Structures are given as C-alpha cells and as structure tokens.
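Below is one structure, written out as structure tokens, with a few remarks after it.
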Amino acid sequence: MNRKLVIGDIHGGLKALHQVLDKAKVTSKDTLIFLGDFVDGWSESPAVLDFLIQLEQQQNCIFIKGNHDDLVLKWLTTNKEGFDEKMWFQHGGEATSLSYERVDEATKEKHITFLKSLKNYYLDDENRLFIHAGFTNVRGVDFEFFKPLFYWDRTLWEMALALDPNLSKDHISYPNRLKLYHEIYIGHTPVTKINEAIPVNKACIWNVDTGAAFKGKLTIMDIETKKFWQSDALPDLYPDEKGRN
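Start counting the sequence shown at 4; every next residue gets the next number (my numbering).
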C-alpha cells in the first residue's frame, strides 16, 4: 500500500526521525512529506540534512521550507539580510553552529543546495495543503504577497484555535482561509503550547508539530487514516543537551 505520511518539525533530532520511520514501518513505496524545520535545537542538524538528502534517493520525498531552514541557509551563505545571529542562537541556532564546526566545505555546499531546493508549500491532487506555518491572503497561497509568511505566519493556526466549532461554514463570519483547502497540514507552532502531546485538528487544519524542539516528541502521521506514530521525548534521546528548552 502506498501511503502518504506527513512528518512534523525535527529540529536536529535525528534519533527521533529514525524512531518514527521505524515505528511507522516506512517502505520505499510511501511518500514522505516533511513540514520543515529540519534544523536548530538538538545537536544533529547537519546529520539530519545528510540523512534527508540520502533518503530522497530511495523514495518520493517532499521537503517544505521552515523558518529555521531559512535561517540556517542565510547563516551558511552569510546572507545577513533579515538575519539576527544573536536571536538565532537563542532559538536553537547555537547547537547548529557548534555542530557545523565538524562539517567540511563540500558537505556544507550540499546542504546549501538542499536548503535552496525546499518548497514553500505542497498542494496535492485532493486539494490538501502542506505548509510549514501558514498564509494570510484570503484567496490562498497563490496570492500571498510576502512569501516568508509561508514559514513564519502564526495567524492561521491562532484563528483555527479561536474559531467557534459551532460556527457554520456558510456563516458570513466563517474565515475564508479555512474554506479554501480540503485539509491543511502545518508545523511551526508546537501543540505543546496548548498542553497537547499529539497532532491536533482544528477546523480543516492538522498541526503535526508535537514539540520535538522542546520537551515533546516527533510525530509521523498517515494522512488518510490519521494514524500516527511518535518518537520518545527528545530530552530522553539527548539527555546531555538542552534542545530549545
């Protein structure tokens, strides 16, 4: 059976990624959709990128750009436009910077090529949108003027959280952004912020970021059945590190 599996924010936690791929019994027939933020947090950001580059040779993978992937690309290419290194360090960048001290230039170039290739979003044949953070244009992603919102926006998820579940879709106040796509899969804002530990569904949105950057777990989910598998909590996998805690 050819499954479509979506994976939440990894944040340098390669051990967790190995765990979920193993638990879900992923085969080369499965399509893997990664929602971004492969880096920043735990100590294995370069190793995560190496693994993903290799994985793409074995099966169909869709890699979506997260805000941390964009920050690391800027850092690796010394593109300082809109880049605050001090702030980046405080949000997981320090571990990434330290881990790259052991990486040769040829590998760095491979990582730059990979990071440049990441998609802003993916829309499948069944009108399901996969995006790291969100979008703000009421007509949808094709009309977004400021593209970095795809990997920085939090208003889409906040709106879904605040929406009255009893509000009819044809009500004049129902948000247009939540009518455009059959389903929307996001990461970016951990569900642990609302004291949840598993993927959360609000309106048409599924949030699959289960807090792997912090004290949570990494999640992989079958988008057809909604069955999901989780790693151990990341602090248990990296007991000598602080991640983004």
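Just so it is clear, CB atoms sit at the ideal spot from N, CA and C, and this is done for glycine as well.
For clarity, every value in this text was computed on a predicted model and none was experimentally measured.
Below 8 angstroms, too few C-beta pairs join the region 215-224 and the region 164-171 to call them touching: fewer than three. Rounded to the nearest whole angstrom, the C-alpha separation of G39 and P178 is 25 angstroms.
Residue pairing by DSSP places Y124 opposite I134 in a beta bridge. For V75, the uninterrupted alpha helix (DSSP H) segment begins and ends at N70 to L79. Residue pairing by DSSP places L35 opposite L8 and C64 in a beta bridge.
Nearest Cα to I134 within the set G96, P49, N210 and T228: N210. Only buried fits S234, as 16 or more other CB atoms lie within 10 angstroms of its CB. In this structure, the alpha-carbon of E88 lies about 10 angstroms from that of T81.
In this model, R105 and S46 are separated by some 12 angstroms (Cα to Cα).
CA-CA distance, K122 to H191, rounds to 15 angstroms.
Beta-bridge partners of Y188 (DSSP): F133 and W209.
Taking the CA atoms as reference points, K205 sits about 30 angstroms from S48. Contact between the region 181-190 and the region 24-34 is absent, with fewer than three C-beta pairs closer than 8 angstroms. Residues of the same chain with a CB within less than 8 angstroms of the CB of R247, apart from the 5 flanking positions on each side, are H14, D43, G44, H94, G95, A216 and F217 in chain order.
In the DSSP secondary-structure assignment, D225 is bridged to L8. Taking each of K18, L74, T158 and S120 in turn and checking the Cα distance to A236, the smallest one comes out for K18. Straight-line measurement puts the Cα of I56 at about 18 angstroms from the Cα of Y124. Classified as exposed, T228 has fewer than 16 neighbouring CB atoms from the shown chains inside 10 Å of its CB. For the pair L52 and L8, the CB atoms are not nearer than the 9 angstroms cut-off. Pairing F153 with G137 gives a Cβ-Cβ distance under 9 angstroms. Look at W160 here: in three-state DSSP terms it is helix. By the Cβ neighbour-count rule, N70 is buried, with 16 or more other Cβ atoms within 10 Å of its own.
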